[in-house]
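J.: Chains A and B, in that order, give the protein sequences.
Numbering-wise (our numbering), the first sequence opens with residue 11 and increments by one.
Numbering-wise (our numbering), the second sequence opens with residue 3 and increments by one.
Each residue gets a CB set at the ideal place from its N, CA and C atoms; glycine is no exception.
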Amino acid sequence: MAKTYTLITSATVGSGGAAFMQFTSIPQLYTDLVVLMSARSTTGSPDSGMEINGEGSSNISSRYMFSVDGSTITGSGGFIALVGLPKSGTTSNTFGNVTIYITNYTSSQQKAISVESITENMSSSETFLTLTSGVYSSSNTVSSLKLTGDFAQYSKTYLYGIKNS
Amino acid sequence: MAAGQAYTPIATTTTSGNAASYTFSSISSAYTDLVIIVSGGAATAVDLSVRFNDDTGSNYSVTRLTLDNLTAVSRRTTSATSLVVSDGGYISTTLGATNQIINIINYANTTIYKPIICRTNRAAGGLDGTVGLWQSTAAITSIILFPGSSTFADGTTLSLYGIAAA
Numbered sequence: 011m012a013k014t015y016t017l018i019t020s021a022t023v024g025s026g027g028a029a030f031m032q033f034t035s036i037p038q039l040y041t042d043l044v045v046l047m048s049a050r051s052t053t054g055s056p057d058s059g060m061e062i063n064g065e066g067s068s069n070i071s072s073r074y075m076f077s078v079d080g081s082t083i084t085g086s087g088g089f090i091a092l093v094g095l096p097k098s099g100t101t102s103n104t105f106g107n108v109t110i111y112i113t114n115y116t117s118s119q120q121k122a123i124s125v126e127s128i129t130e131n132m133s134s135s136e137t138f139l140t141l142t143s144g145v146y147s148s149s150n151t152v153s154s155l156k157l158t159g160d161f162a163q164y165s166k167t168y169l170y171g172i173k174n175s
Numbered sequence: 003m004a005a006g007q008a009y010t011p012i013a014t015t016t017t018s019g020n021a022a023s024y025t026f027s028s029i030s031s032a033y034t035d036l037v038i039i040v041s042g043g044a045a046t047a048v049d050l051s052v053r054f055n056d057d058t059g060s061n062y063s064v065t066r067l068t069l070d071n072l073t074a075v076s077r078r079t080t081s082a083t084s085l086v087v088s089d090g091g092y093i094s095t096t097l098g099a100t101n102q103i104i105n106i107i108n109y110a111n112t113t114i115y116k117p118i119i120c121r122t123n124r125a126a127g128g129l130d131g132t133v134g135l136w137q138s139t140a141a142i143t144s145i146i147l148f149p150g151s152s153t154f155a156d157g158t159t160l161s162l163y164g165i166a167a168a
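1) Between the C-alpha atoms of T96(B) and N69(A), what's the straight-line distance to the nearest angstrom?
2) Have a look at S10(A) and I142(B) and give me their C-alpha separation to the nearest angstrom.
3) With a CB to CB cut of under 6 Å and the five nearest residues on each side skipped, what residues in its chain are close to I36(A)?
4) Select from the stretch 116-134 of chain B all residues with a C-beta closer than 9 Å to any C-beta belonging to chain A, and list them in chain order.
5) Could you tell me whether the Cβ of L141(A) comes closer than 8 Å to any Cβ of chain B?
6) For I39(B), go through chain A and note every residue whose CB falls closer than 7 Å to its CB, in chain order.
7) Across which residues does DSSP place T65(B) in a beta bridge pair?
8) Here's the rule: buried if 16 or more other CB atoms are within 10 angstroms of the residue's CB, otherwise exposed. What is L162(B)?
9) Within its chain, find whatever has a CB closer than 6 Å to the CB of N174(A); leave out the 5 residues flanking it on each side and keep chain order.
10) Quick test of the definition: if touching needs 3 or more C-beta pairs under 8 Å, does the stretch 24-42 of chain B touch the stretch 78-86 of chain B?
11) G144(A) and I128(A): beta carbons closer than 8 Å?
12) Using a C-beta cutoff of 8 Å, does Q120(A) count as contacting chain B?
13) Using a Cβ-Cβ distance cut-off of 8 Å, determine whether G64(A) contacts chain B.
14) Would you decide whether N114(A) is buried or exposed? Buried here means 16 or more other CB atoms lie within 10 Å of its CB.
15) Determine, for K173(A), whether the minimum Cβ-Cβ distance to residues of chain B falls below 8 Å.
16) Tell me where the beta strand (DSSP E) around S127(A) begins and ends.
17) What's the gap between the Cα of L43(A) and the Cα of T158(B)?
18) Assuming V52(B) contacts N105(B) (C-beta within less than 8 Å), just tell me the rounded distance between them.
19) Measure the CB-CB distance between A82(B) and Y109(B) and report whether it falls below 8 Å.
20) Whose Cβ in chain A lies nearer than 7 Å to the Cβ of N105(B)?
21) Please classify T113(B): is it buried, with 16 or more other beta-carbons within 10 angstroms of its beta-carbon, or exposed?
22) Figure out for me which residue from T116(A), F105(A), K121(A) has the closest Cα to the Cα of M47(A).
23) Which bits of chain B does S86(A) rub up against, with CB to CB less than 7 Å?
So, in structure tokens, the structure goes:
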């Protein structure tokens, strides 16, 4: 059987940074989608998020658990939390890693989303381990993804398609 | 993670007829690791469990970090007769609203006990990061997945992939 985990496209932030990285016109050829991101923030905030189909907070909900500098924080909301990226002023040359898995993205059912993200910087602060469960509760298929976060130069993201047959 | 073309689909099913379980059988030893993706629902809200090679002995253990609504908890189970992969991230009755991702490491190795890493997601109420162990040196050739004493909602998709190291 043919191998799968196919690179669909990627995006890289150039000099000056970018407020978002976006995938549009996502082909409806696969079973699941995977987004891998390596990123850093240009601002004093480590927060990053994901919008689906340009709908903002509509049809999105999540529940998350962070380990932040050794403490645990939990929460929920109408967004997909990807925190925390290395923010401005933290250890140079450190970038956070994020993995996002979206199941059955072409279905008309709800689409569950799994997220893991980490930032480690060999200091006593601004380190993160995040587990997030999300859901896109629309009957629309997923055709675009927008990663938000004031990204620094050299931040990069990849979109893969996984097909089960 | 390596570039694309890493997963090979081995088998997939979409359940029907209120299936109480599904078995991936005759699994080849051609890969290094296995990945199972479950996307669907169940007749009642319930945890997802797995067994390997029809082993119903007390040979499974798990340690997990769970988000139960908004409370983070750590839990441990030993000498279980199946490997329960979810807790806060259990299967809901709403089709597609939850998913379960199971990684089985070195599944064909006949020297080691088999480590399992799972992520389960239920945005309406919780999630889990779970590590498990099947205490057997046998190569895994079959995997049964079952939603406790409930049944899979029709339309649930279970997919098995192989990952080869080279």
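T.: According to the structure data:
1) 15 Å
2) Not covered by the structure: residue 10(A). The range shown for chain A is 11 to 175.
3) S153
4) R121, T122, N123, R124, A125, A126, G127, G128, L129, D130, G131
5) yes
6) D42, T113
7) Paired residues: R78(B), V133(B).
8) L162(B) should be labelled buried.
9) T41
10) Not touching, per the Cβ criterion.
11) Note that the C-beta distance between G144(A) and I128(A) is not below 8 Å.
12) yes
13) G64(A) does not count as touching chain B.
14) buried
15) yes
16) For S127(A), the enclosing beta strand (DSSP E) has its first and last residue at 121-129.
17) 17 Å
18) With a contact defined as Cβ atoms closer than 8 Å, V52(B) and N105(B) miss out at about 12 Å.
19) no
20) Close to N105(B), with beta-carbon spacing below 7 Å, lies no residue of chain A; the smallest spacing is near 12 Å.
21) exposed
22) F105(A)
23) L72
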